[in-house]
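Participant: Questions regarding the structure given below will be posed in turn.
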């Protein structure tokens with residue numbers, strides 16, 4: 040009786056296929072990529088910066104931020120996204136794609152001291168910051184950019200006077216010989232106001 044029941048069960052499940060095990064989650068490098076990200080990566084690979092939209096520039100900024108800091112640049116909320124888009128749209132009106140790329144590269148690839156790379160954001164390209172950042176980026180491109188520390192060091196180095204002969208070094212040629220005693224200026228007495 041038991042054999043008959045087992046044979047019925049076997050025949051019933053012969054055509055049954057085992058379900059595959061659950062798929063393992065994808066690694067970070069294998070995650071799904073959105074269509075806009077794929078378009079951005081294709082443009083970036085072909086270096087078609089002239090075809091970048093504001094979204095592409097945001098993604099380029101995020102990519103450079105991640106390369107520099109090993110953490111992602113996260114934009115949270117619709118308002119933050121709209122602010123980012125408005126910044127890059129104004130940049131696209133006023134600057135060429137080559138200049139925008141130069142600005143982003145300057146922030147993350149140079150030794151700039153405008154803002155630490157970890158605290159850098161797209162706000163550096165807003166109206167209050169853009170002229171200073173752009174001038175510094177142009178200097179960096181030509182190789183003339185100097186950080187504040189380098190400028191201060193140069194100022195300090197130039198302010199040190201050459202060693203001169205002091206009065207305690209006896210050198211007959213340097214010392215004027217006169218018979219007249221030196222007259223010191225009169226000292227003003229404290230407490231009196233003179234006009």
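Numbering (our numbering), first residue to last: 40 to 234.
Glycine included, every Cβ here is placed at the ideal spot set by N, Cα and C.
#1: Below 8 Å, how does it come out for the region 125 to 140 and the region 185 to 196: are there three or more Cβ pairs, yes or no?
#2: Nearest-angstrom Cα distance between residue 144 and residue 150?
#3: For residue 181 and residue 175, what's the separation of their Cα atoms in angstroms?
#4: Nearest CA to the CA of residue 167: which residue from 126, 78, 108, 77?
#5: So is residue 161 buried or exposed if we call it buried at 16+ other beta carbons inside 10 Å?
#6: Would you check if there are 3 or more beta carbon pairs closer than 8 Å linking the region 80 to 94 to the region 109 to 117?
#7: Given this structure, state the Cα-to-Cα distance separating residue 103 from residue 196, to the nearest angstrom.
#8: Whose CA, out of 153, 169, 159, 148, lies closest to the CA of residue 130?
#9: Ordered along the chain, which non-local residues of its own chain (more than five positions away) have a Cβ less than 6 Å from that of residue 179?
#10: Could you check if residue 74 is buried or exposed, using at least 16 other CB atoms within 10 Å of its CB as the buried criterion?
#11: What are the uninterrupted segments assigned as alpha helix (DSSP H) that are 4 or more residues long and contained completely in the region 167 to 201, given in chain order?
#12: Rounded to the nearest angstrom, what separates residue 116 and residue 77 at their Cα positions?
#13: In or out: residue 81 buried (at least 16 other Cβ within 10 Å) or exposed?
#14: Expressed to the nearest angstrom, what Euclidean distance is found between the alpha-carbon atoms of residue 204 and residue 153?
#15: Report all residues from its chain with a CB closer than 8 Å to the CB of residue 89; omit the five preceding and five following residues, and keep chain order.
#16: Just how far apart, CA to CA, sit residue 79 and residue 163?
#17: Which value, in whole angstroms, describes the spacing of the CA atoms of residue 100 and residue 185?
Facilitator: Reading off the structure:
#1: no
#2: Taking the first residue of the chain shown as 1, we reach residue 144 at position 105. Taking the first residue of the chain shown as 1, we reach residue 150 at position 111. Using only the alpha carbons, I get a separation of about 11 Å.
#3: Translated into the one-based positions of the chain shown, residue 181 becomes position 142. Translated into the one-based positions of the chain shown, residue 175 becomes position 136. Distance between the alpha carbons of residue 181 and residue 175 is about 10 Å.
#4: On the chain shown, position 128 is the one that residue 167 refers to. Of 126, 78, 108, 77, the residue nearest in Cα terms is 126.
#5: Walking along the chain shown from the start, residue 161 turns up at place 122. Buried is the call here.
#6: no
#7: The sequence position of residue 103 within the chain shown is 64, counting from 1. The sequence position of residue 196 within the chain shown is 157, counting from 1. Residue 103 and residue 196: Cα-Cα distance of roughly 36 Å.
#8: As a position in the chain shown, residue 130 is number 91, starting the count at 1. Ranking the options by Cα distance to residue 130, first place goes to 169.
#9: Position 140 of the chain shown, counting from 1, holds the residue named residue 179. Around residue 179: 145, 149.
#10: Residue mapping note: residue 74 aligns to position 35 of the chain shown, counting from 1. Exposed, by the Cβ-count rule.
#11: 169 to 181, 187 to 198
#12: Here residue 116 is taken as the residue at index 77 of the chain shown, counted from 1. Here residue 77 is taken as the residue at index 38 of the chain shown, counted from 1. Using only the alpha carbons, I get a separation of about 22 Å.
#13: Here residue 81 corresponds to residue number 42 of the chain shown, with the count starting at 1. So residue 81 counts as exposed.
#14: Working through the chain shown from its first residue, we reach residue 204 at position 165. Working through the chain shown from its first residue, we reach residue 153 at position 114. Residue confidence is low: residue 204 scores 48 on pLDDT, short of 50, so the model does not pin down where it sits. Its coordinate-derived value is still stated next. One C-alpha to the other measures close to 43 Å.
#15: Working through the chain shown from its first residue, we reach residue 89 at position 50. These residues qualify, in order along the chain: 136.
#16: Taking the chain shown and counting its residues from 1, one reaches residue 79 at position 40. Taking the chain shown and counting its residues from 1, one reaches residue 163 at position 124. Residue 79 and residue 163: Cα-Cα distance of roughly 22 Å.
#17: Locating residue 100 in the chain shown gives position 61, where the first residue counts as 1. Locating residue 185 in the chain shown gives position 146, where the first residue counts as 1. So the alpha carbons of these two residues sit roughly 23 Å apart.
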